[in-house]
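K.L.:
Just passing along the structure, written as structure tokens.
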Amino acid sequence: MPFLGHVVGQSLAVIGQSLASLGQVVGQSLASLGHVVGQSLAVIGQSLASLGHVVGQSLASLGHVVGQSLAVIGQSLASLGHVVGQSLAMKGQSLASLGHMTKIKPNRKPNPNPKNDCDIGS
1 MPFLGHVVGQ SLAVIGQSLA SLGQVVGQSL ASLGHVVGQS LAVIGQSLAS
51 LGHVVGQSLA SLGHVVGQSL AVIGQSLASL GHVVGQSLAM KGQSLASLGH
101 MTKIKPNRKP NPNPKNDCDI GS
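Read in order, the letters of the sequence shown correspond to residues 1 to 122 in UniProt numbering.
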């Protein structure tokens with residue numbers, strides 16, 4: 001029986017060494033995988049940060065251009081309103097002057113006898 005115990009002990013020792021080797025290989029594989037995943041995530045994070053920066057700058061530039069365009073449109077409308085207002089003011093002054101200079105003249109002479117102010121039978 002001592003021989004059987006020796007064989008079982010050696011078998012268990014071999015199994016233990018195999019499990020230890022397997023554990024070491026699995027541990028190294030997981031460590032390598034974690035390192036690769038970590039580097040990949042870092043690259044993805046940097047890419048997203050760069051993309052966000054570019055998008056932010058693009059939106060800022062677009063907002064600036066739109067703002068300048070709206071300012072130019074506003075100035076143009078203000079100038080147009082000023083010109084239209086001046087034109088209307090000049091037309092109004094012209095009409096006022098014309099109305100002041102024009103006198104309404106009666107078509108007939110006034111009747112000296114207002115009691116008989118009737119055109120029937122005249």
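Virtual Cβ for every residue (Gly too), placed ideally from N, Cα, C.
Does DSSP put residue 1 in a helix, a strand or coil?
P.N.:
coil
K.L.:
What is the rounded straight-line gap between the Cα of residue 32 and the Cα of residue 6?
P.N.:
39 Å
K.L.:
Express the C-alpha separation of residue 39 and residue 1 in angstroms, rounding to a whole number.
P.N.:
57 Å
K.L.:
CA-CA distance, residue 78 and residue 42?
P.N.:
53 Å
K.L.:
May I have the straight-line CA-CA distance separating residue 49 from residue 29, to the nearest angstrom?
P.N.:
30 Å
K.L.:
Alpha carbon to alpha carbon, how far is residue 60 from residue 54? Give it in angstroms, no decimals.
P.N.:
10 Å
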